[in-house]
Structure formats: structure tokens, C-alpha cells
Amino acid sequence: MTRHAVAMAGLVLPGVSWAAESGGVDTGALVRLTLGLAAVLAVIVALAWAMRRMGRFTGGAAGRLQVLGAVSVGQRERVVLLQAGDRQLLLGVSPGAVRTLHVFDEPIAPAPGEAGETAGFAARLRGVMGEAERS
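Residue numbers (numbering that gives the first Met the number 0): 0 to 134.
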């Protein structure tokens, strides 16, 4: 933010001093204008920082679509458990593709806010995957 403020001051202040010397412009009005512009820019920078810090705003589907957990299975590959409405999907995610590995009829992990959320996703996934291999 400091770098931007210095750049703006470097652009505005020479014009203010030139206008004051020529006697054609009200210096007080120019100072108020400059301070107002600086205040607006400071608010914009502060809001941008706050949005970056808090994360992006979520869309309307955010309440119905949630990532419950993820496990890294390779250098750039992951297995992700996604809650979509009342269904849970197991997705394989790689740099070039996203594939549905399984759609669960019964949830294997509770949705956020439900009871039993303390069990680790990785442990539960290993248990379910072990059951699937035995079948």
C-alpha cells in the first residue's frame, strides 16, 4: 500500500504546487480533493486485503456443495470426498482431469456440523476402501 501511496503523491503533488504558484486554483479545494482520493483508494486497498484474507465469496450453491476432505495419493493427484446435496461423491483429481470414482448411497463421513465429525477423513476413507477391497 505504501508504494501505491508514494506513486500517487508523486503524480498529484507537482500539479498541486504548480496550480498554487499560478494562482488560478483554490489550494484548499485541491488538498481536500487529494485527501478524498487518497481516502477512497485506501478503502479500496483495505477491502481488497480483507477479501484476500477471508477468502473468496461463495456462490448460492455453497451451502449444498462442500468438500468434506481430501487425501493426496501422488505428487499432484488427490482423492476428494464431496458433499453434493444429500449425496457424497468420491472424486479423483489430477492436473488434467476430474473423475467420479464412486457415488455413495449412504454417507461415509458426516457433513460439517453433524455429530461424529471428529473422526479423521483419511482413516474413514481407508476403512471404506478396505471394506470395498474385501467385497
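C-beta: ideal position from N, C-alpha, C; glycine also.
Item: Between which two residues does the alpha helix (DSSP H) carrying Arg52 extend?; Value: 26-53
Item: With the cut-off set at 9 Å, would you say Ala78 and Val92 are in Cβ contact?; Value: The identity of residue 78 in the sequence shown is Val, whereas the question assumes Ala. Yes, the pair counts as a contact, with Cβ atoms nearer than the cut-off.
Item: I'd like to check one pair, Arg63 with Ala83: are the Cβ atoms closer than 9 Å?; Value: yes
Item: For Gly148, report the span of its beta strand (DSSP E) as first-last.; Value: The shown model of the chain, from 0 to 134, leaves out residue 148, and the question about it has no answer.
Item: Taking 9 Å as the cut-off, decide whether the C-beta atoms of Val70 and Ala121 are in contact.; Value: yes
Item: Starting from Val79, follow the beta strand (DSSP E) in both directions and report where the run begins and ends.; Value: 77-83
Item: Measuring CA to CA, which of Pro94, Gly129, Leu124, Val42 is closest to Gln74?; Value: Pro94
Item: At what residues does the beta strand (DSSP E) containing Val70 begin and finish?; Value: 64-71
Item: Are Leu80 and Ile107 touching if we call contact CB-CB under 9 Å?; Value: yes
Item: Buried or exposed: where does Leu124 fall if 16 or more other Cβ atoms within 10 Å of its Cβ makes it buried?; Value: buried
Item: Once the 5 residues before and after Gly68 are set aside, which same chain residues still bring their CB inside 6 Å of it?; Value: Leu80, Phe120
Item: Sort out for me which residues DSSP pairs Leu88 with in a bridge.; Value: Leu81, Val102
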